[in-house]
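Data first, discussion second: the structure below is written as structure tokens.
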Amino acid sequence: MRKISLSESQKTRGAGAGPGIGRVSRMHTQEISAQLTRQRGERDAVAKHNRSPVMRWAFVLISLLLLSLGLLGGWWFFLFKGDMASIMDFSKTPSPPAKTALSQFKAPTKDEALALIKRALAAGESTSEISACFALGKSTPENVVEFLSNLEQSDGQLGELEWLGTRNTSQLQIEVVSISFKATDSVKKRLALLTPDAHGVWKIDFDAFTRAANPSWGEFINQEADVATVRVSLSPGIFYQGAFRNDQEWMCYRMESPDRTHLMHGYCKKGSPAERTLVGLFGRGDSDCRVILQLRRVEYSQPYQFEISRVYAEDWVMPPIPLDEVH
């Protein structure tokens, strides 16, 4: 076989073709490539390891932030949940007082109480029927006619009647009926508080039924009056701000009314007759109670903060003697 010289071998390579490097050279190149791959993998593992503590701390910090926001939101809701809408159950029957009014007159049965409610709501413009069904107080039959004529527009169509039974106070016999009204997108409720007159005839207390405020809530909230008599549901509060920031001087209560959308706060000066009366009411173990209060505006107080200067009644019917004069 004829040997090929180097010059002839070079002549036989095509244009642009590299010289043969042989088997040993190709194996060395493969080893270098594998080594580079291993080095990249090691670098990636080190980088991943270095990132792990950072990611863990980031996760912990984000979790703590979300937990703090949740706690803050819960605290805000607890204090101001009534700012959007009143959610207290005004139809709940509180515990009876230790000393209740003597049952001087026989209470109506459930059927008799419900029949009286239906008769009263159907009285229309009949002043004689109105006088027979309602305890008017300082109101007139004409006031009742006007209120009833607007009732469907303000509250909705008459729905269910629920007899809640006896709720005697220390001075009064009271039977309670809850009345539901169906509005377009909600159900509103009113309480009919039945009391006997001097002759034992049971009637619906008109001021309690209308949740009367004197002056009106609008006038009082808009600072057109500094003192008002109102019907609210009361529960212990913790909002000590503004003129009432000193919890050593004031006792705080949350106040809600179906006729107001904002949560309000009332404050009793510690040691006052009003404070002693409310301490006695809540000493029965109830979380809230219906009361008639005298509220007074105090200088430097916030818009929905008021002093509770009098406690007239332990329900929404005005008694013969103010409650804070009895306790």
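The letter at position 243 of the sequence shown is residue 244 when you use this note's numbering, and the numbering goes up by one with no holes.
Positions of the beta carbon are idealized from the N, C-alpha and C atoms, including for glycine.
Values in this document were obtained by computation on a predicted structure and should not be read as measured data.
- Scanning Y254, K111, F210 for the CA closest to the CA of S236 turns up Y254.
- Residue range 158-167 is occupied by the beta strand (DSSP E) that includes E163.
- In this structure, the alpha-carbon of D287 lies about 14 Å from that of T278.
- Contiguous alpha helix (DSSP H) elements confined to the segment 196-244 occur at 207-211, 218-222, taking only those with 4 or more residues.
- Counting every other CB atom within 10 Å of its CB across the protein chains shown gives Y301 a total below 16, marking it as exposed.
- Using a 10 angstroms sphere on the CB of P321, the tally of other CB atoms stays under 16, which defines it as exposed.
- Distance check between V312 and each of G281, R168, Y305 places G281 closest, using alpha-carbon atoms only.
- For S181, the uninterrupted beta strand (DSSP E) segment begins and ends at 176-183.
- In the DSSP secondary-structure assignment, A314 is bridged to I293.
- With respect to the C-alpha of T262, the residue from L173, W218, S150 having the closest C-alpha is W218.
- About 6 Å separates the Cβ atoms of L162 and V178, confirming a contact at the 8 Å cut-off.
- In this structure, L149 lies near A124, with their beta-carbon atoms less than 8 Å apart.
- Beyond the five residues adjoining it in sequence on each side, Q224 comes within less than 8 Å, by CB distance, of R298 in the same chain, given in chain order.
- Counted as a single uninterrupted DSSP element, the alpha helix (DSSP H) harbouring K111 occupies residues 111-122.
- In this structure R285 is exposed. Its beta-carbon is surrounded by fewer than 16 other beta-carbon atoms within 10 angstroms.
- Collapsing the DSSP output to three states places R255 in a strand.
- Following the DSSP letters along the chain, one finds G284 in no beta strand (DSSP E), marked with neither H nor E.
- For I118, same chain residues with a beta-carbon under 8 Å away, outside a window of 5 residues either side, are L162, V178, I180, A193, I205 in chain order.
- Assigned with DSSP and collapsed to three states, Q306 falls in strand.
- Check the Cα spacing between F307 and each of M265, E326, Q172, D325: the tightest is with M265.
- Residue pairing by DSSP places M319 in no beta bridge whatsoever.
- Distances from the CA of Q105 to each of Q172, F240, P216, A121 were compared; the closest alpha carbon is that of Q172.
- Bridge partners of R298 according to DSSP: none are assigned.
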